[in-house]
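A quick write-up on the structure given underneath.
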Amino acid sequence: MNKNIIQLKNIQTIYEGERVPVITDINLDVKTGEFISIIGPNGAGKTTLLETINGLLDYAKGSGTVFGKEIKRHKNCIRKDIGYLIQNYEIDSLAPFLCKDVVMMGRTGKIGLFRFTGKKDWDKVWYSMGLVGMIDFASRPIGKLSGGEFQKILLSRALSQQPKILLLDEPFSNLDYTSRQQIEILLNRLHESYNLTIIMVSHDLGFIPERCNRVLLMNKGKIILDEAKSKALKSKIVKNTLKNGRKTI
Amino acid sequence: MIELPLGLVGISVLGAILAGFTCSTMGTFVVRMNLASIGYCMSHAAFAGAAFGLMISIDPMIGALIFSFITAFALGPIAEKARLQSNIVIGFMFSLMIALAFIFLNYVPGQSANAKALRILWGSILSVGINDILLLGFLSFVIIIFVVIFYKELVSIMFHRKLAESSGINTKMFYFAVLFFTGIAVSFSLRIVGGLLVFALIINPTSTAYQFFYDFKKILIFSPIFGVLSCIVGYYLSLTSDFPIGASIVIVSAIFFAIAIIISPKRKKGNGKK
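If you read the sequences in order, they're chains L and D.
The opening position of the first sequence corresponds to residue 118 in the numbering used here, with each subsequent residue numbered one higher.
The opening position of the second sequence corresponds to residue 33 in the numbering used here, with each subsequent residue numbered one higher.
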């Protein structure tokens, strides 16, 4: 746990056609193997920060590197080693894709152009589906799953990539209590076994995994607190910000 | 039954098969991307091109191909630049092409010239030449290679473009390529079934395949099979009944679709897998 895997300096991200930046003055160093939770009210810029890290959104100001490579220049390359769990969205119930194929899609960038999927890739798919307990759903149509099952398949998709960094946007949304616990245990296990760097967005303080060692609090596009988990959970700023945030939602 | 020279029948059947194959293969992507109107857009681009060809006194088919190429090539980048859904840009191009066609036709003297340009919209399978077959054959080969080599990228983009991008795929390039190949498949097939009916070859076989499978790979395999079958059966129906060939092909593909809806395993309870 010593090398900076992500470095963001004075980052500002603005959506196209907008004047007000969604996130601004973001300075963040993340070391290999850190497990970070980003919390904050709706509209704080949490998802924008994740998508700035993997280059899905271009930053307007500042500089950012991931794996020592500039994000803007090497986004396609760095994304191959970043697993991303997108915030839950509605899937068309007639979508013509099987769960196993959706999980395999996570490996597409990693396999590379002009190469076909092989037995090794399928082994990774079965393994990651097994990790989230969805192996029995392999041949089920993706549109026929419940919200929680779909979320697990998307997590499995991100894991099949064998990422060095895992970006999780609200991984516990749509999950029932038991599934939340299963996923929390899995994230703790992955972090412990593979020294995986995990950055997780959450708005629920009650579900910050045990192995999470750092908490970032965001509000109005800025990181207003960056502390160890134990300190952050006791912080008045955290409680007040989340409380005020809820009132405005 | 109409008596036709065997060579002519052979060439036109082959043309119909190739048109059915290319259009319904690309139709798999078009239906998933909700871009059904691309058929109208490309056929009217060809119509405008034919009118342009007549205006400057060159073969209208050459004009049609040039306009189709330019339109197919421009659709993706314009949609990206304008930050609009591709369907909106297709609508814009469609209206622009009709307007251009009318302007060009205004400068072409005589009714027969107008009829020549309109022939692009109706199509005429019996006027298909060996060059059309070679073009469609080459296009079919390129589409097969494209789909086989980039299947994993294409299927990933069809599922969710942003997620595909997040795993390191250059989605823009593939998105443009799908639009381009679809546009070209439509323009090469115009002579066979006509610009208005080519739409059916894109939509109907894929919609039929959708009734049976939840697996994109199977839809991609069976959509061209239904497309080719529609063309063969439609051609036979046309010869035996004296119906226009394009219309017969469309009727057959519509019947296939109707049968698929009735016998679709997706509507049977307790059989959701397939």
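Backbone N, C-alpha and C define an ideal beta-carbon position, used for all residues, glycine too.
Cβ neighbours of residue 74 (chain L) in the same chain (closer than 8 Å, five flanking residues each side left out) = It is not possible to answer for residue 74 (chain L), since the shown part of chain L is limited to 118 through 366.
Sorted by chain position, which residues of the same chain lie with C-beta nearer than 6 Å to residue 307 (chain D)'s C-beta, five sequence neighbours on each side aside?
-> This structure leaves residue 307 (chain D) out entirely; chain D is present only between 33 and 306.
Whose C-beta lies closer than 7 Å to the C-beta of residue 208 (chain L) among residues of the same chain, with five residues either side of it excluded?
-> 259, 260 and 267
Helix, strand or coil at residue 199 (chain L) according to DSSP, with G and I counted as helix = The DSSP-derived three-state label of residue 199 (chain L) is strand.
Cα-Cα separation, residue 243 (chain L) to residue 298 (chain L) | 22 Å
Can you tell which of D:115, D:288 and D:76 has its C-alpha closest to the C-alpha of residue 155 (chain D)?
-> D:76
Would you mind reading off the limits of the alpha helix (DSSP H) that contains residue 164 (chain D)?
-> 162-181
Report yes or no: do the region 132-141 of chain D and the region 248-263 of chain D share at least 3 C-beta pairs separated by less than 8 Å?
-> no
So, using beta-carbon positions, are residue 236 (chain D) and residue 275 (chain D) closer together than 7 Å?
-> no
Any idea what DSSP makes of residue 298 (chain L), helix, strand or coil?
-> helix
Report the neighbours of residue 274 (chain D) on chain L: residues whose CB is nearer than 9 Å to its CB, in chain order.
-> Chain L residues near residue 274 (chain D): none, gap ~38 Å exceeds 9 Å.
Could one say the Cβ of residue 200 (chain D) lies closer than 7 Å to chain L's Cβ atoms, at least one of them?
-> yes
Tell me where the beta strand (DSSP E) around residue 342 (chain L) begins and ends.
-> Residues 339-345.
Per-residue contacts from residue 228 (chain L) into chain D (C-beta, under 8 Å) | Here the neighbours are 184.
Give the DSSP-derived three-state secondary structure of residue 124 (chain L) in the structure shown.
-> Here DSSP, grouped into helix, strand and coil, assigns residue 124 (chain L) to strand.
Mark residue 364 (chain L) as exposed unless 16 or more other C-beta atoms lie within 10 angstroms of its C-beta, in which case mark it buried.
-> Caution applies to residue 364 (chain L), whose pLDDT of 45 falls short of 50 and renders its modelled position unreliable; the value that the coordinates give is listed next. With fewer than 16 Cβ atoms within 10 Å of its Cβ, residue 364 (chain L) is classed as exposed.
Taking C-beta pairs closer than 9 Å, name the residues in chain D that residue 187 (chain L) reaches, listed in chain order.
-> Ordered by position in chain D, no residue passes the 9 Å Cβ test against residue 187 (chain L), which lies about 16 Å from the chain.
Residue 171 (chain L) classed as buried or exposed, judged by whether at least 16 other C-beta atoms fall within 10 angstroms | buried
Between the C-alpha atoms of residue 295 (chain D) and residue 247 (chain D), what's the straight-line distance to the nearest angstrom?
-> 18 Å
Apart from the five residues just before and just after residue 341 (chain L), which ones in its own chain have a Cβ nearer than 6 Å to its Cβ?
-> 334
Going along the chain, which residues of its own chain have a beta-carbon closer than 6 Å to the beta-carbon of residue 304 (chain D), five neighbours each way excluded?
-> Residue confidence for residue 304 (chain D) is low, a pLDDT of 48 falling below 50, so the modelled location carries little weight and cannot support an answer.
Under 7 Å by beta carbon: chain L residues contacting residue 188 (chain D) | 222 and 225
Check the Cβ-Cβ distances between residue 193 (chain L) and every residue of chain D, and say whether any is below 7 Å.
-> yes
Helix, strand or coil: which one does DSSP assign to residue 331 (chain L)?
-> strand
Please determine, among L:193, L:144, L:281 and L:236, the residue with the shortest C-alpha to C-alpha distance to residue 200 (chain L).
-> L:281
Considering only residues of the region 196-253 of chain L, which uninterrupted beta strand (DSSP E) runs meet the minimum length of 3 residues and lie entirely inside it, listed in chain order?
-> 199-202
Tell me, please, whether the CB atom of residue 324 (chain L) is closer than 7 Å to any CB atom in chain D?
-> no
Does residue 191 (chain D) have its Cβ less than 7 Å from a Cβ in chain L?
-> yes
Measure the alpha-carbon distance for residue 250 (chain D) versus residue 259 (chain D) and round it to whole angstroms.
-> 14 Å
Quick one: grab the DSSP three-state call for residue 314 (chain L).
-> strand
State the DSSP-derived secondary structure class of residue 268 (chain L), mapped to helix, strand or coil.
-> helix
Excluding the 5 residues preceding and the 5 following residue 301 (chain L) in the sequence, name in chain order all residues of the same chain whose CB lies nearer than 7 Å to its CB.
-> 324 and 326
Could one say the Cβ of residue 251 (chain D) lies closer than 7 Å to chain L's Cβ atoms, at least one of them?
-> yes
Which of the residues in the region 164-180 of chain L, read from start to end, lie with their CB under 8 Å from any CB of chain D?
-> 171 and 173
8 Å CB neighbourhood of residue 206 (chain D) in its chain, flanking five on each side removed | 182, 185, 186 and 189
Counted within 10 angstroms of its Cβ, other Cβ atoms place residue 133 (chain L) as buried (16 or more) or exposed | exposed
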